[in-house]
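Visitor:
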Amino acid sequence: MEWKSYGRRRVYGSDYVEVWLDDVEIPGVGRVDHHVLTMPRPSTTAVVVDEQGRFLMLWRHRFITNRWGWEVPAGWADPGEDPAAAIRREIEEETGWRPGRVEPLTQYHALSGISTMQFSCFLATECTRISAPQDVSEAERVEWLTEAEVVRCAAEGLIDDGPSLMAVSYYLGPYRLLHSR
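Below, the structure written as C-alpha cells:
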C-alpha cells in the first residue's frame, strides 16, 4: 500500500531541521496531516577500530535526554562535502585521532516513518594521534574501549544513541560476517 500525497506545508525551518506538514491519504485510513522532519545536511557516523580491535568512543552528555553515554564519532557533512571526507573531519575534531583508512559500512534512514534523516556509516582504521580533541564541547572524555567493554556497554544501555548503537551493531554483526569469509 502506498500513501498518496496532496501537498506539503512548511511549519518551521532552520539550518539544522525543517518541519513539514504533509496532506496524505493512507489506504484504509483516509486523509490525514502527517508531520515530516527533514535534515538539510547528510549525517555521518563511524566505528573507529584500532589494530588491537579496540573502539574509539566518546563519553558525553545529551541534554535532550539528560543522559550520559558512549557514542561513536558523528556529524553532518557540509554543503557539497563528501560524506567520507566529513567523517574524517569529524573524527579528527572530536577525538584528536586522524584515520588512515575510511571505508563505507552501510547507509540507513534513522526515522523512516517521520523523517528523511539518512546516515552514512563508515569504518575508520589505521588512526594516528595528532592532538587533543579540537572540539572540546563534543565529549567529556575520549577512550579506546575493548570489544568486550563495548558489547557490555551496549547491553547495559550505556550506548543508547541510535546512530552509535547502529554503527557498532552493524560492524559487530553483518560487516564481520561478510568479511570473515
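Sequential numbering of the sequence shown, starting at -2, is according to the working numbering. Just so it is clear, CB atoms sit at the ideal spot from N, CA and C, and this is done for glycine as well.
1. Mind pulling the alpha helix (DSSP H) runs of 4 or more residues that sit fully within the segment 26 to 109?
2. Pull up the distance between the alpha-carbon of Ser2 and that of Ser11, whole angstroms please.
3. Between the alpha carbons of Ala82 and Pro39, how many angstroms are there, rounded?
4. State the CB to CB distance for the pair Leu102 and Val29, rounded to an integer number of angstroms; the pair is presumed to be in contact (CB under 8 Å).
5. For Glu22, report the span of its alpha helix (DSSP H) as first-last.
6. For the segment 12 to 19 against the segment 128 to 144, are there 3 or more C-beta pairs whose distance is under 8 Å?
7. According to DSSP, Cys150 sits in a beta bridge with which residue or residues?
8. Within the continuous alpha helix (DSSP H) that includes Ala164, where are the two ends?
9. Assuming contact is defined by CB atoms lying nearer than 8 Å, are Pro37 and Ala107 in contact in what I supplied?
10. Near Asp157, which residues of its chain fall below 7 Å by C-beta distance, leaving aside the five closest residues on each side in sequence?
11. Could you check the C-alpha separation between Ser117 and Val99 for me, to the nearest Å?
12. Do Glu87 and Gly97 have their C-beta atoms closer together than 8 Å?
13. Comparing alpha-carbon positions, which option in Phe52, Asp19, Gln104 lies nearest Arg5?
14. For Leu120, list the residues DSSP reports as bridge partners.
Guide: In this structure, then:
1. 80 to 92
2. 24 Å
3. 12 Å
4. With 8 Å as the limit, Leu102 and Val29 do not qualify as a contact, their Cβ atoms being about 36 Å apart.
5. Per DSSP, Glu22 belongs to no alpha helix (DSSP H); it is in the beta strand (DSSP E), 15 to 23.
6. no
7. None; Cys150 has no bridge partner.
8. 159 to 167
9. no
10. Arg64, Gly66
11. In a straight line, the C-alpha of Ser117 is about 12 Å away from that of Val99.
12. Here Glu87 is not near Gly97, since their CB atoms are 8 Å or more apart.
13. Asp19
14. Val44, Glu100
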